[in-house]
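Protein chains in written order, with the working numbering: chain A, 14 to 672; chain B, 127 to 452.
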């Protein structure tokens, strides 16, 4: 069995994409498919992910930024124009509003003549990691899990080839999870969801194995690809064990651990960004090398992701990387190359054991929902992430080009400055709202209203939300209307931040130096330096803001951490009510110019124009200049990994004003 | 600094003035401190100072105080009451820094005009209360009908909070065993109202309620004459029992005022404030120069319109004069 054989079929090759509008994204999808991509992975914009129409006040600046805006069935139809949905495999990164976007997808497919049983694809539909890391949750955990479970129960019967949920450990690693945490938290999440589905009144016992078989995972792969290989093997083992022992399943096919991957973005650097091309290729190894634990589908990020939205060329490079690995190398011609490796087996066994302990701890707490509400998992992630950042700052963990080998010649790849990234045209938002208005005026309002009431009834009466949602999609209900209806019933939720309990950093000389500066400045101010840290807009990626908050505390500041999804007015109000000396804002969605400008205007209106504002995020150089001009004192981007330096600058900034 | 105009703006309910006043009373610089005491003295003489009711909310970390408070605020807002909140979080003993996370849990409806939240760090105080908490309370009393102080309870801090508020609510976490801790600390008689939160946890919450009920049987009667501390169950998550908590707080407010207990508590609080404040600034020796705690008490007795803040200002000047002579 050691000589090369006929190659296996490659994994599904995808690129996570979508931006500006349904039409623009459709053109992008078709060109990617023409280049040999074999499946689609739809990125929705934040208003769509959090259940707002493009004309909602909270959507300002966010429309079409990190993905495509989908407000109604016509948008969905446009998105897949000339892409036959009876044959396409579509993955949709959608969670809080997953049931609704699937309803739109089913309705749009129907317009093409495709029936539900022909549809293939995945809805991410994983709310737990939204509370822990990604932040696009809407409803409280219980209601959210119910929607998750509705979607699963519906698809198992009606759309049998659909993967109703992608349990994501991806975002946990992005939030700092260690391999053990990644495995354990994902399994705890899966068990919580499966238990919920199992206990449904409408769930027949003999369907459970099929439900189990449809659960898929979405993993991350970091640069330590040997350990990542072991992690994938460990998850394969543990999943099978859970299926057999907890759910009594013995059909080998149903027990198979199926997963897709997007490799790590956390480790990509803005400094010497071309190094990321190599990192991404190596990260792909961890999830493809071991045949027994090989990914079913792969998405590679673009090398310049830390700088802004990738252009078509950048996406093509990500695609070609996969194609070279799958088709040029001999990887797919061998059975599992690690069989018989003591080293791999030993590390895998270790991970399984440690993960089991952690998993049991969470199950003893009552499962993943409880471990969200009591902030157990979130605190663990914040702490792991803090340790990681400290290790990079201290040089204990090498990142080439960032904390070692920093000297570089100018890169011809980034010479073009901001032309080296894709910019969403500011007119995208306006045009999308125009289309939305036109759609609303031509639809039958009474029909839409009636369909919406049926959704409400289903929600109240505990019926599956999908059938009425599909009818609502057909009747012209919009994303915002569907979500508002459920918001009124279920309420909204704010997840615990986990920062409060983050362990205090051990003292070091550099830390003491900043602490004594904080003391000095505080004395001059008359009270301890107080900072507001928050995230305006709909972007929920709170890891950066949380790390800033923890670090600010460690250098001796009093930190008001105001969390995610704030309007500019709320930020101004918090800053004034809390009496802070400086405001730190974090935005990763590309909507920084609009939102930060509004904060500055609000401060001026309150007579607080002297309150310094610093901003961090994925902010292209041109925008940084615009922000500085508007009055922002400092702009930080992913290349500013040294939190101590950032803190020093903030203290000096406040110190100058105190003088 | 124009204390007069700040006072006017405060009494007119100007939000920016509330914030400025809170900043001022937290300011440690000598000049600002005097202004602050002046302002607080003037504020104490206002009718608003005794009209507003101050409620302490205490309990172990994770007991769900913030969520309960959030639900209470929403409920009070329905009756158009104006609510001011001071949320106190512990400081790191090593760096002096603090993470003040409560604002996060304030729901959108609680972020409106009739609600004001200021987070404070406990700083070097072991009891879990910030130095400026009392002063901040006085500022908020000028503008709000209800003022809540939310703080982490670890036993001894209850005593401190109790001296600061008109009604004390203890929030117990189901299954955490803090009842026992509370009994050990011997301060089960301090709270005026007990709430077992997270009633949605079912049996666990019921057991805690039973335990707490048993312990209360043995405890001393409440400080408020004629008041038997009620033991309530609530779930901030399911929004159940919130109304009853509100009703009981209102009932205690009435009982404590009717019995004269309110005036007694405030007076004791003032003495505690004046003593601590002078001790912190001038030490035992300084305090001895003006006749010690006894003299503070005497001055408060024959205050003649001067509040504890004014007396601290007066005595401070006398101590400084004595120091100058010495």
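For each residue, glycine too, the CB sits at the ideal point set by N, CA and C.
Give the DSSP bridge partners of residue i, in chain order.
{"i": "residue 215 of chain B", "result": "B:247"}
{"i": "residue 146 of chain A", "result": "None; residue 146 of chain A has no bridge partner."}
{"i": "residue 369 of chain A", "result": "None, per the DSSP bridge assignment."}
{"i": "residue 299 of chain B", "result": "Answer is none; residue 299 of chain B lacks a bridge partner."}
{"i": "residue 321 of chain B", "result": "B:297, B:358"}
{"i": "residue 398 of chain B", "result": "For residue 398 of chain B, which the question treats as bridged, DSSP gives no partner whatsoever."}
{"i": "residue 224 of chain B", "result": "A:571"}
{"i": "residue 495 of chain A", "result": "DSSP output for residue 495 of chain A lists no bridge partner at all."}
{"i": "residue 630 of chain A", "result": "A:600"}
{"i": "residue 56 of chain A", "result": "A:106"}
{"i": "residue 182 of chain B", "result": "B:275, B:294"}
Assign residue i to buried or exposed, taking buried as 16 or more other Cβ atoms, counted over all protein chains shown, within 10 Å of its Cβ.
{"i": "residue 266 of chain A", "result": "exposed"}
{"i": "residue 370 of chain A", "result": "exposed"}
{"i": "residue 69 of chain A", "result": "buried"}
{"i": "residue 257 of chain A", "result": "exposed"}
{"i": "residue 134 of chain B", "result": "exposed"}
{"i": "residue 287 of chain B", "result": "buried"}
{"i": "residue 421 of chain A", "result": "exposed"}
{"i": "residue 337 of chain A", "result": "exposed"}
{"i": "residue 417 of chain A", "result": "exposed"}
{"i": "residue 348 of chain B", "result": "buried"}
{"i": "residue 672 of chain A", "result": "exposed"}
{"i": "residue 405 of chain B", "result": "exposed"}
{"i": "residue 324 of chain B", "result": "buried"}
{"i": "residue 177 of chain A", "result": "buried"}
{"i": "residue 340 of chain A", "result": "exposed"}
{"i": "residue 317 of chain A", "result": "buried"}
Am I right that residue i and residue j are in contact with their C-beta atoms under 8 Å? What's the rounded C-beta distance?
{"i": "residue 137 of chain A", "j": "residue 231 of chain A", "result": "7 Å"}
{"i": "residue 487 of chain A", "j": "residue 120 of chain A", "result": "5 Å"}
{"i": "residue 153 of chain B", "j": "residue 668 of chain A", "result": "Rounded, the Cβ-Cβ distance is 17 Å, inconsistent with contact."}
{"i": "residue 149 of chain A", "j": "residue 59 of chain A", "result": "7 Å"}
{"i": "residue 568 of chain A", "j": "residue 221 of chain B", "result": "7 Å"}
{"i": "residue 158 of chain A", "j": "residue 206 of chain A", "result": "7 Å"}
{"i": "residue 74 of chain A", "j": "residue 179 of chain A", "result": "Not quite, the Cβ-Cβ distance comes to about 28 Å (not below 8 Å), so this is no contact."}
{"i": "residue 645 of chain A", "j": "residue 626 of chain A", "result": "5 Å"}
{"i": "residue 303 of chain A", "j": "residue 24 of chain A", "result": "Not quite, the Cβ-Cβ distance comes to about 13 Å (not below 8 Å), so this is no contact."}
{"i": "residue 369 of chain B", "j": "residue 206 of chain B", "result": "Not confirmed; about 16 Å, so no contact."}
{"i": "residue 151 of chain B", "j": "residue 261 of chain B", "result": "4 Å"}
Select from the options the residue whose C-alpha is nearest the C-alpha of residue i.
{"i": "residue 431 of chain B", "options": "B:226, B:166, B:157", "result": "B:166"}
{"i": "residue 436 of chain A", "options": "A:631, A:330, A:492, A:449", "result": "A:631"}
{"i": "residue 283 of chain A", "options": "A:222, A:175, A:412", "result": "A:412"}
{"i": "residue 444 of chain A", "options": "A:254, A:77, A:375", "result": "A:77"}
{"i": "residue 315 of chain A", "options": "A:290, A:307, A:378", "result": "A:290"}
{"i": "residue 337 of chain B", "options": "B:160, B:215, B:357", "result": "B:357"}
{"i": "residue 195 of chain A", "options": "A:171, A:287, A:141", "result": "A:141"}
{"i": "residue 177 of chain B", "options": "B:412, B:376, B:409", "result": "B:376"}
{"i": "residue 471 of chain A", "options": "A:600, A:46, A:160, A:122", "result": "A:160"}
{"i": "residue 26 of chain A", "options": "A:38, A:54, A:37, A:32", "result": "A:54"}
{"i": "residue 509 of chain A", "options": "B:202, B:317, B:192", "result": "B:192"}
{"i": "residue 301 of chain B", "options": "B:270, B:386, B:331", "result": "B:331"}
{"i": "residue 164 of chain B", "options": "B:443, B:243, B:450", "result": "B:443"}
{"i": "residue 492 of chain A", "options": "A:475, A:474, A:468, A:504", "result": "A:468"}
{"i": "residue 187 of chain A", "options": "A:595, A:276, A:200", "result": "A:276"}
At 8 Å on the CB atoms, spell out the chain D contacts of residue i, in chain order.
{"i": "residue 128 of chain B", "result": "No chain D is part of this structure, whose protein chains are labelled A and B."}
field: Segment contact, 8 Å Cβ cut-off, at least three pairs: the segment 474–494 of chain A with the segment 157–171 of chain A
entry: yes
message: Under 8 Å: do the segment 578–589 of chain A and the segment 602–619 of chain A share three or more Cβ pairs, one atom per stretch?
response: With the rule of 3 Cβ pairs closer than 8 Å, the segment 578–589 of chain A counts as touching the segment 602–619 of chain A.
- prompt: Contact between the segment 81–88 of chain A and the segment 449–466 of chain A: three or more CB pairs below 8 Å?
  reply: yes
- request: Tell me, please, whether the segment 340–348 of chain A touches the segment 237–248 of chain A by the rule of three or more beta-carbon pairs shorter than 8 Å.
  value: no
- prompt: Given 8 Å as the limit, is there contact between the segment 174–189 of chain A and the segment 215–223 of chain A, that is, 3 or more CB pairs closer than that?
  reply: no
query: If we count Cβ pairs, one from each stretch, closer than 8 Å, do we get three or more for the segment 359–373 of chain A versus the segment 316–325 of chain A?
result: By the criterion of at least three beta-carbon pairs nearer than 8 Å, the segment 359–373 of chain A is not in contact with the segment 316–325 of chain A.
message: With three or more beta-carbon pairs closer than 8 Å as the criterion, would you say the segment 522–531 of chain A touches the segment 645–654 of chain A?
response: no
- request: Could you say if the segment 556–563 of chain A and the segment 170–189 of chain B meet the contact criterion of at least three C-beta pairs nearer than 8 Å?
  value: no
- request: Could you say if the segment 263–279 of chain B and the segment 202–215 of chain B meet the contact criterion of at least three C-beta pairs nearer than 8 Å?
  value: Touching, yes.
Sufficient close CB pairs (3 or more, under 8 Å) joining the segment 257–268 of chain B to the segment 138–150 of chain B: yes
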